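See structure below.
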Amino acid sequence: MFEKEKLKTIKTEKEKWDCGPVEKVCAKFPERKTTFTTISGEEVERLYTPLDMADFDYDTKLGFPGEYPFTRGVQPTMYRGRFWTMRQYAGFGTARETNERYRYLLEQGQTGLSVAFDLPTQSGYDSDHALSMGEVGKVGVAIDSVDDMRVLFDQIPLDKVTTSMTINAPATVLLAMYLALAEEQGVPYSKVGGTVQNDILKEIICRGQYIYPPLPSMRLTVDLIKYCYEQVPRWNTISISGYHIREAGSTAAQEMAFTIANGITYVQSCIDRGMEVDSFAPRLSFFYNAFTNVLEEVAKFRAGRRYWARVMKERFGAENPRSLMMRYHVQTGGVTLTAQQPLNNVVRVALQTLATAYGGAQSLHTNSYDEALCLPTEEAVTVALRTQQVVAEESGAADTIDPLAGSYYVEAMTDQIEAEIDDYIQKIDAMGGTLKAIDEGYVQKEIQDSAYRFQKEIESNERVYVGINRYTMKEPPPTNLLKVDPRQREIETEKLEKLRAERDPKSWKAALERLDEVSRTDENVMPAVIEAVKARATVGEICDVWRKIWGEYRPKEFV
Amino acid sequence: MTGKKRIKVIMAKPGLDGHDRGAKLLARVFAEAGMEVVYTGLRQTPEMIVEAALQEDADVVGLSSLSGVHNYFFPRVVELLKENGLEEVLVVGGGIIPDEDVPGLKDAGVAAIFGPGTKTEDIVTFIQEKFSSN
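So the protein lines, in turn, are chains B and L.
The opening residue of the first sequence carries number 4 in the numbering used here; numbering runs sequentially from there.
The opening residue of the second sequence carries number 114 in the numbering used here; numbering runs sequentially from there.
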């Protein structure tokens with residue numbers, strides 16, 4: 004990038020600057036800290052110069068948008084063509100209430116849907132199960148059967164929207180319901196588009212919504228991927244998620260590294276099941292966090308894209324350019340929000356949105372400023388969506404592609420994070436892969452150590468967090484918080500009773516028996532799951548079939 | 114603390130909520146403060162938590178919930194502790210808990226609620242003070 008002679012001169016000049024003006028000023032006015040670090044603990048120098056990019060080769064490090072190694076983005080025109088998809092994750096209470104919120108969001112200019120399911124649905128329990136007590140309709144919508152799904156998408160044509168579903172252990176079941184509904188609406192599978200999270204490894208690592216042991220869980224994951232490749236070509240079959248790893252306390256580099264490690268495991272599992280890498284890899288997608296340190300986040304995204312492209316090409320021999328692309332959704336950092344002075348969160352989310360735009364994401368959910376207090380109110384959700392619209396339409400960040408490329412700092416940080424990713428991948432490979440590393444608690448421990456370090460930094464005032472350890476003030480208790488109807492469980496239980504009384508017991512029983520049979524073989528479970536949901540089997544009933552065969556996962560706790 | 118046994122804490126995640134960053138972090142902080150800590154893991158019913166408290170002869174039960182189920186679970190744990198003759202056990206809670214729910218939880222017998230942004234040392238001090246006065 005730079006001529007040797009030129010670099011030499013810069014080096015000499017920089018040494019002079021360090022020993023001259025810098026030293027002089029520091030003697031009189033010491034810097035605020037002896038070392039500066041990002042929120043992840045990455046060391047940050049006083050100044051970055053061409054010296055930090057000495058062996059920088061444009062072609063191998065960056066290339067062009069839409070071309071290998073995709074550092075600058077996965078599409079040739081990026082946001083000049085169209086903005087990222089603004090996709091607010093929403094769901095609470097009954098399917099009816101959530102449907103109203105969806106239609107409101109679509110009217111407000113949102114371009115895709117994102118379903119939040121309540122915890123019973125995510126853990127494969129019906130609303131009337133003992134463990135669902137207190138949880139029904141709380142953090143998401145309660146879906147027990149295809150009947151609820153029909154209400155959830157009432158007046159929403161499934162060939163006109165794309166839908167992302169945060170569902171993992173029972174992903175096959177919820178996708179089956181969505182497909183059954185598409186069929187009812189007369190929409191062919193080929194026109195159905197969306198995403199299921201379907202990422203069981205990060206559930207085991209840190210999110211906790213697992214049901215079955217890792218191996219049968221992986222089998223369900225791969226069955227879904229395989230089925231969609233054959234039947235639902237526009238479906239993103241997995242959203243390999245770093246988001247929750249970061250929420251659990253990891254650094255930016257760890258978030259990217261452990262996600263890529265999980266990604267490698269999924270790709271290998273599909274290959275082991277006899278799939279060609281270029282058949283399924285184009286539909287893999289990712290999901291990341293965005294914190295407030297804008298430049299570190301941008302570097303993380305760029306490093307991740309470049310590293311993944313190399314993994315797919317060099318490790319797995321993928322040839323289809325789409326197989327090499329790390330396409331991803333972003334959600335702004337939930338844990339970065341404070342319950343103190345909640346309006347400050349609007350600013351945090353705006354910076355995180357900017358980082359996401361500079362980083363080149365395909366879609367984004369912005370958190371609402373009141374989420375450290377409760378589920379978001381409609382007003383807060385609207386501000387969150389408007390934040391994306393302001394960044395997209397007014398900031399200029401969307402007008403040129405990868406505008407921070409070539410910044411000495413951003414390129415150096417991109418390299419630094421990429422090196423850390425590589426370091427972790429090598430370590431995990433040496434341990435025998437992610438499943439082993441998780442079983443030994445290595446990944447969990449690394450994340451917890453980072454969470455602990457961060458907490459200590461805050462409590463020792465080493466790191467300033469506005470409203471938490473500095474600029475604090477007395478505040479009146481917050482008002483206008485969203486409440487979920489506490490009678491949710493009764494409402495859902497009544498619906499379930501009705502469903503069980505109404506459905507045809509013969510076809511219901513036959514469908515579940517068929518599912519049981521298929522699940523004990525190597526056959527893909529998806530067709531049998533679709534038949535079961537059409538016969539109005541519930542999420543809990545279907546998941547119970549597998550609980551009987553595979554048992555339930557109980558993790559070792561690593562504290 | 115001299116001459117007295119170490120304070121024993123059960124850290125528990127009631128319900129289906131999987132967010133355990135706070136619970137695990139506190140488990141570590143308590144251990145470093147000299148307490149004995151048992152983390153139950155996820156998906157605990159009130160019965161399971163009380164059983165753990167009974168088995169472990171716990172002094173403190175720490176409950177963490179971010180999914181909005183505190184109003185059901187926290188009082189239920191207190192109630193079951195009483196039923197099992199464990200009314201001496203100190204119950205504290207944390208997570209995403211709206212201010213307006215706090216008085217009700219305290220009335221139900223939860224000694225304190227620690228929301229987001231609480232310093233861990235404040236929680237440690239709170240617990241230690243409760244036991245030093247005994």
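We put the CB at the ideal spot given by N, CA and C, even for glycine.
All values reported here derive from a predicted model rather than from experimental measurement.
{"query": "Kindly list the residues whose CB is nearer than 8 Å to the CB of T496/B, restricted to its own chain and excluding five residues on each side of it in sequence; keep chain order.", "result": "S130, D131"}
{"query": "Going by DSSP in three states, F73/B sits in which element: helix, strand or coil?", "result": "coil"}
{"query": "If distances are taken between C-alpha atoms only, which option among Y361/B, G336/B, D507/B, E258/B comes closest to A408/B?", "result": "Y361/B"}
{"query": "At the level of alpha carbons, what is the spacing between T115/L and A146/L?", "result": "The pLDDT assigned to T115/L is 49, lower than 50, so where the model puts this residue is not dependable, and the model offers no usable value."}
{"query": "Please classify F39/B as buried or exposed, where buried requires at least 16 other C-beta atoms within 10 Å of its C-beta.", "result": "exposed"}
{"query": "Using the beta-carbon count (16 or more within 10 Å), is Q419/B buried or exposed?", "result": "buried"}
{"query": "Taking 8 Å as the threshold (beta carbon to beta carbon), is M114/L in contact with chain B?", "result": "Note on M114/L: pLDDT 46, under 50, position unreliable in the model; no value is reported."}
{"query": "Compare the Cα-Cα distances from L608/B to each of M278/B, T80/B, L161/B and report the closest residue.", "result": "Chain B is shown from 4 up to 562; residue 608/B falls before or after that span and cannot be answered."}
{"query": "Use the C-beta contact count for I162/L: other C-beta atoms within 10 angstroms, 16 or more gives buried, fewer gives exposed.", "result": "buried"}
{"query": "Look up N292/B in the DSSP assignment and say whether it is helix, strand or coil.", "result": "strand"}
{"query": "Just mark A30/B as buried or exposed, buried being the case when its beta carbon has 16 or more other beta carbons within 10 Å.", "result": "exposed"}
{"query": "Let me know the secondary structure DSSP gives A312/B once reduced to three states.", "result": "helix"}
{"query": "Return the CA-CA distance between R330/B and R119/L, expressed in angstroms with no decimal places.", "result": "51 Å"}
{"query": "Output needed in chain order: residues of the segment 284 to 303 of chain B with a Cβ under 8 Å from some Cβ in chain L.", "result": "none"}
{"query": "Among R473/B, P216/B, V536/B, which residue has its Cα nearest to the Cα of S510/B?", "result": "V536/B"}
{"query": "Would a C-beta distance cut-off of 8 Å place A185/B and V144/B closer than the cut-off?", "result": "no"}
{"query": "Determine, for S463/B, whether the minimum Cβ-Cβ distance to residues of chain L falls below 8 Å.", "result": "no"}
{"query": "Could you please give the first and the last residue of the uninterrupted beta strand (DSSP E) stretch that includes T198/B?", "result": "196 to 199"}
{"query": "Is T233/L buried or exposed, if buried means 16 or more other CB atoms sit within 10 Å of its CB?", "result": "buried"}
{"query": "Is there a Cβ from chain L that is less than 8 Å from the Cβ of E138/B?", "result": "yes"}
{"query": "Measure the C-alpha to C-alpha separation of V173/L and V205/L and round it to an integer number of angstroms.", "result": "8 Å"}
{"query": "Please state the DSSP three-state secondary structure of M114/L.", "result": "Any reading at M114/L must be qualified, since the residue scores a pLDDT of 46, below 50, and its modelled position is unreliable; the value itself is stated next. Note: M114/L maps to coil in three-state DSSP."}
{"query": "Under 8 Å between the Cβ atoms of N171/B and Q212/B?", "result": "yes"}
{"query": "Rounded to a whole number of angstroms, what is the C-alpha to C-alpha distance between P455/B and G84/B?", "result": "For clarity, residue 455/B is Tyr in the given sequence; the question names Pro instead. The straight-line gap from Cα to Cα measures roughly 42 Å."}
{"query": "Whose Cβ in chain L lies nearer than 7 Å to the Cβ of E443/B?", "result": "Those do not exist, as E443/B stays about 17 Å from chain L at its closest Cβ, beyond 7 Å."}
{"query": "Using the beta-carbon of each residue, which ones in chain B are nearer than 7 Å to D133/L?", "result": "G211"}
{"query": "Which stretch, first to last residue, makes up the beta strand (DSSP E) that contains V259/L?", "result": "Since the displayed chain L opens at 114 and closes at 247, residue 259/L lies outside it and no answer follows."}
{"query": "Give me the DSSP bridge partner(s) of R222/B.", "result": "Note: R222/B sits in no beta bridge, so no partner."}
{"query": "In three-state terms, what does DSSP make of Q334/B?", "result": "strand"}
{"query": "Under the three-state reduction of DSSP, which class applies to T97/B: helix, strand or coil?", "result": "coil"}
{"query": "For a contact defined as C-beta to C-beta under 7 Å, what are the partners of P558/B on chain L?", "result": "G154"}
{"query": "Closer than 6 Å by C-beta to S453/B: which residues in its own chain qualify, once you throw out the five before and the five after it? Chain order, please.", "result": "G252, S253, T254"}
{"query": "Is it buried or exposed for C22/B, if we count other Cβ within 10 angstroms and need 16 for buried?", "result": "exposed"}
{"query": "Helix, strand or coil for R473/B per DSSP?", "result": "strand"}
{"query": "Does any CB atom of chain L fall closer than 8 Å to the CB of I471/B?", "result": "yes"}
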